[in-house]
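Below is one structure; the comments refer to it alone.
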Amino acid sequence: MIISTSHVYYHLLFGLLLLHYAPPACPAAASYWTLLLPTIGISAMHMQLLPNDRIVIFDRTDFGSSNISLPAGKCRFDQNDMVLKLDCTAHSVEYDVSSNTLRPLMVLTDVWCSSGALDSNGSLVQIGGYNDGDHAVRVYRSCDKCDWEEMPSGLIQRRWYATSHILPDGRQIVIGGRRQFNYEFFPKTSPSEKAQSLPFLVQTYDRWIENNLYPFVFLHTDGNLFIFANTHAILFNYTDNKVVKTYPEIPGGDPRNYPSSGSAVLLPMRIVQDIVAVVEVLVCGGAPKGAYTNAKHGKFDGALDTCGRIMISDPNPQWVMETMPMGRVMGDMLLLPNGDVLVINGGSSGTAGWEHGRNPVLEPVIYKPDNSIGYRFEVQNPSIIPRMYHSTAVLVRDGRVIVGGSNPHEKYTFTNVLYPTELRLEAFSPSYLDPSSSGLRPEILASVFRTQFEYGEQMVIQFTVHDQVDMNLVLVTMVAPSFNTHSFSMNQRLLVLGGGNTTKIIGTSYYEVVVTAPPTGNVSPVGYYLLFVVHQGIPSEGIWVHLE
Numbered sequence: 057m058i059i060s061t062s063h064v065y066y067h068l069l070f071g072l073l074l075l076h077y078a079p080p081a082c083p084a085a086a087s088y089w090t091l092l093l094p095t096i097g098i099s100a101m102h103m104q105l106l107p108n109d110r111i112v113i114f115d116r117t118d119f120g121s122s123n124i125s126l127p128a129g130k131c132r133f134d135q136n137d138m139v140l141k142l143d144c145t146a147h148s149v150e151y152d153v154s155s156n157t158l159r160p161l162m163v164l165t166d167v168w169c170s171s172g173a174l175d176s177n178g179s180l181v182q183i184g185g186y187n188d189g190d191h192a193v194r195v196y197r198s199c200d201k202c203d204w205e206e207m208p209s210g211l212i213q214r215r216w217y218a219t220s221h222i223l224p225d226g227r228q229i230v231i232g233g234r235r236q237f238n239y240e241f242f243p244k245t246s247p248s249e250k251a252q253s254l255p256f257l258v259q260t261y262d263r264w265i266e267n268n269l270y271p272f273v274f275l276h277t278d279g280n281l282f283i284f285a286n287t288h289a290i291l292f293n294y295t296d297n298k299v300v301k302t303y304p305e306i307p308g309g310d311p312r313n314y315p316s317s318g319s320a321v322l323l324p325m326r327i328v329q330d331i332v333a334v335v336e337v338l339v340c341g342g343a344p345k346g347a348y349t350n351a352k353h354g355k356f357d358g359a360l361d362t363c364g365r366i367m368i369s370d371p372n373p374q375w376v377m378e379t380m381p382m383g384r385v386m387g388d389m390l391l392l393p394n395g396d397v398l399v400i401n402g403g404s405s406g407t408a409g410w411e412h413g414r415n416p417v418l419e420p421v422i423y424k425p426d427n428s429i430g431y432r433f434e435v436q437n438p439s440i441i442p443r444m445y446h447s448t449a450v451l452v453r454d455g456r457v458i459v460g461g462s463n464p465h466e467k468y469t470f471t472n473v474l475y476p477t478e479l480r481l482e483a484f485s486p487s488y489l490d491p492s493s494s495g496l497r498p499e500i501l502a503s504v505f506r507t508q509f510e511y512g513e514q515m516v517i518q519f520t521v522h523d524q525v526d527m528n529l530v531l532v533t534m535v536a537p538s539f540n541t542h543s544f545s546m547n548q549r550l551l552v553l554g555g556g557n558t559t560k561i562i563g564t565s566y567y568e569v570v571v572t573a574p575p576t577g578n579v580s581p582v583g584y585y586l587l588f589v590v591h592q593g594i595p596s597e598g599i600w601v602h603l604e
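Just so we're aligned, residue 57 is where the sequence shown starts under the numbering used here, counting upward by one.
Written out as C-alpha cells, the structure is:
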C-alpha cells in the first residue's frame with residue numbers, strides 16, 4: 057500500500073460568489089492543491105468514482121510494464137498483447153479516498169480509450185477498448201477483494217473512442233467509436249439485437265482526422281438524447297432511431313471533439329413542481345480547424361478560448377458564445393456540488409494525440425452559470441503538474457476533485473521529453489473548502505437520514521451549521537458520479553431538488569430541509585447519487601443515496 061505525503065501548493069484569494077445569489081459568502085476564501093500520492097504506478101487515463109468512496113483507475117495494457125506490480129505473484133498472460141504477453145504489473149488500481157491507499161487490479165484485455173457507466177447497483181460496466189478489448193464488456197464490483205470480470209464478446213461492434221450514457225431503464229447506450237457510425241445497447245434485450253445506424257456520425261466525420269470521437273451525449277428530460285459531435289448537435293430519439301431536432305451549428309465552425317478535444321457539461325437542472333423548465337448545455341474549448349494536421353507537422357495552433365451555451369429545451373434554441381480567460385484543449389469540465397462548473401487540465405495549443413499538445417494550462421477556471429455574461433469565469437490557483445493528453449479528474453464526496461494522468465507518449469516516458477508520463481495523484485480543493493468557510497458549511501446528520509428513495513418521494517434532511525443560517529440560501533443538490541476520460545465526463549448531471557425546499561430550525565444549530573426526489577428516470581436515471589446540502593454556496597460533505 058502507498059501512503060500519502062500531503063503537500064499544499066498555493067493559495068489564490070478571490071471572492072466566492074453564491075450560487076444564484078450575488079453577495080459574496082466568504083471574500084477571503086481560496087482554492088488550493090494537495091499532492092495525495094507521489095505515484096500510483098499507472099497513468100490515470102480513465103477514472104470512475106464508486107459508491108463506496110473508492111475510485112477505479114485504469115490505463116491501457118498494450119505498452120509494456122507499468123510501475124506497480126500485481127499482488128502475490130499474479131501475472132497476466134495475453135497472447136494477443138502487442139508488447140508484453142506475460143505481464144506481472146497492474147494496469148488498473150483501486151484508490152480508497154478515505155484512507156489514501158491503493159490496491160492493484162488485474163484487467164485482462166486492452167481498455168485503451170474506452171467508456172463506461174455505473175449500473176443501478178453501483179458497479180462499473182465498462183465498454184470496449186483496443187485490440188482484443190474492442191468488443192469486450194467488463195464489470196468492476198468494488199469490494200475488498202473484488203477484481204475485474206470480463207466478457208470478451210459482449211459488444212456487437214468494436215468500440216474504441218465511443219461514448220456511453222446510462223438510460224432511464226438502467227441500460228447503457230454506446231454511441232460511435234473509431235469507424236463506427238452506429239450505436240448499440242448493453243445489456244441487450246435479445247440475442248438477435250443489432251447495432252443501429254446513426255448517419256449523424258457520418259455527417260460530422262472529418263476525413264483522416266475525425267473530430268467526432270467521444271461525442272458529447274446528455275439525456276434530455278424529455279427522454280431523448282442530445283448528441284454533439286464536431287460542430288453540430290441533434291436531439292435523438294434512440295427508441296425510434298429518429299432525429300427529432302437539429303440544433304444550429306456552434307458559431308465559428310471549429311471542432312470541439314476528439315482529437316480537437318474540447319469538453320462539455322449539462323448545466324445544473326432546477327426542479328420546480330416536478331418540472332425542469334430549463335435544460336442547458338455548455339461546450340468549452342477545443343482546437344481550430346486544421347490544428348490536428350498542423351500539430352502532426354510540428355505547428356501547434358492556439359486552443360479555442362470560446363464556450364458555447366445553448367438552451368436545448370427552447371423551441372428555437374440559439375448558441376450564446378462566451379470567452380474564457382484563456383484557450384484550452386484537452387480540458388475537463390466537472391459539476392461541483394454548489395452548481396459551479398470547474399474547467400481543469402489541458403493545454404493552450406495543439407490537440408490531443410501522441411506528442412500533439414503544448415503549453416500546459418496549470419490554472420483551473422470556475423464558471424458560475426447564474427452570473428451575468430462577463431462575470432462568470434474565475435481563474436483559480438495553479439497546480440505545478442502539467443496535465444496534458446490522457447489526464448482525468450473526478451469529484452469526490454468531500455467536495456474535492458481528484459486529478460491524475462497525463463501521458464502524451466506511446467509508452468511510459470519519464471526523461472528527455474517536454475511532458476513526462478505522469479503518475480502523481482493530486483486533489484484540487486475549491487474555495488468552498490477553505491477553512492474560513494467552515495462556519496457556514498452544513499453537516500448532514502447521516503444517522504437519521506434514509507438513503508433509499510423512489511421517484512417523487514419526499515426527502516427530509518437534517519443538518520447542522522455552526523454560524524447563523526440564512527434559510528433562504530439553502531439548496532439540496534444531487535450529483536451523478538461520472539466516468540471520466542479524454543476530456544469528457546460521461547453520465548454527469550446535477551439536480552437542484554425542489555418540492556418546497558423549506559428549511560426550519562429544529563434545535564440549536566440544527567436544521568431540517570424538506571425536498572422531493574426527482575420525478576422520473578428521464579430527469580434522473582436509476583442508481584447512486586451524491587446528495588449535498590448547500591448553504592450560501594458552501595456544500596456539505598455528500599451522502600450517497602440510491603434512487604429507484
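Don't be surprised by glycine CBs; every beta carbon is placed ideally from N, CA and C.
Keep in mind the model is a prediction, meaning the values are calculated, not measured.
Between the alpha carbons of Trp375 and Gly308 lies a gap of roughly 11 Å.
Nearest in C-alpha terms to Leu551, of all of Val300, Leu391 and Val339, is Leu391.
Closest option to Asp225, judged by alpha-carbon separation, among Leu587, Ile599 and Val579: Val579. As a beta-bridge residue in DSSP terms, His102 pairs with Phe114 and Thr541.
Annotation for Tyr584: the continuous beta strand (DSSP E) segment containing it runs Gly583 to His591. Comparing alpha-carbon positions, the option among Gly346, Leu322 and Arg414 lying closest to Gly395 turns out to be Leu322.
The closest CA to that of Met138, considering only Asp188, Asp330, Gly178 and Gln524, is found on Asp188. In the DSSP assignment, Gln259 falls within the alpha helix (DSSP H) that extends over Pro255 to Gln259. With respect to Leu161, Glu150 sits close: the two C-beta atoms are nearer than 9 Å.
Its chain contains Ile290 and Leu291 as the residues whose beta carbon lies nearer than 7 Å to that of Lys301, once the 5 sequence neighbours on both sides are disregarded; these appear in chain order. Around Gly406, the same chain offers Ala351, Phe356, His412, Gly413 and Arg414 as residues with beta carbons nearer than 6 Å, after the five sequence neighbours per side are excluded.
Residue range Ala347 to Lys352 is occupied by the alpha helix (DSSP H) that includes Tyr348.
With a cut-off of 8 Å on Cβ pairs, the region 216 to 224 is in contact with the region 165 to 176, counting three or more such pairs. Every unbroken stretch of the beta strand (DSSP E) spanning 3 or more residues and falling wholly within the region 338 to 396 is given here in chain order: 362 to 367, 376 to 379 and 388 to 391.
Secondary structure of Pro416 (DSSP, three-state): strand. Within its own chain, the residues whose Cβ lies closer than 8 Å to the Cβ of Asp526, once the five positions on either side in sequence are excluded, are His591 and Gln592, listed in chain order. Fully enclosed alpha helix (DSSP H) runs of no fewer than 4 residues are not present anywhere in the region 417 to 468.
When the beta-carbon positions are compared, Ile400 and Gly387 come within less than 9 Å of each other. The C-alpha of Phe282 is placed about 15 Å away from the C-alpha of Gln228. For Val193, the uninterrupted beta strand (DSSP E) run begins and ends at Val193 to Tyr196, by DSSP.
The continuous beta strand (DSSP E) containing Gln228 extends over residues Gln228 to Ile231.
In this structure Gly563 is exposed. Its beta-carbon is surrounded by fewer than 16 other beta-carbon atoms within 10 angstroms. Annotation: Val299 to Asn372 spans about 16 Å, alpha carbon to alpha carbon. The three-state secondary structure of Ser503, taken from DSSP, is helix.
Across the set Phe272, Ser492, Ser246 and Gln508, the C-alpha of Phe272 shows the shortest separation from the C-alpha of Cys340. In the structure shown, Ser405 falls within a strand segment according to DSSP collapsed to helix, strand and coil. Per the coordinates, the alpha-carbon of Pro476 lies some 24 Å from the alpha-carbon of Ser545. If you check the CB distance, Asn437 and Ser99 do not come in under 9 Å. From the listed residues Pro442, Leu142 and Leu603, the smallest Cα separation to Val582 is found for Leu603.
In the DSSP assignment, Ala483 forms a beta bridge with Thr90 and Ile458.
Per the Cβ contact rule, the region 104 to 121 is not in contact with the region 510 to 521 (fewer than 3 Cβ pairs under 8 Å). Under the DSSP definition of a beta bridge, Ser220 partners with Val230.
In the assembly as shown, Lys130 is an exposed residue. Its beta-carbon has fewer than 16 other beta-carbons within 10 Å.
Linking Thr117 to Val328 through their CA atoms gives a straight-line distance of about 47 Å. In the DSSP secondary-structure assignment, Gly554 is not bridged to any residue. DSSP places Asn156 in the coil class of the three-state scheme, outside both helix and strand.
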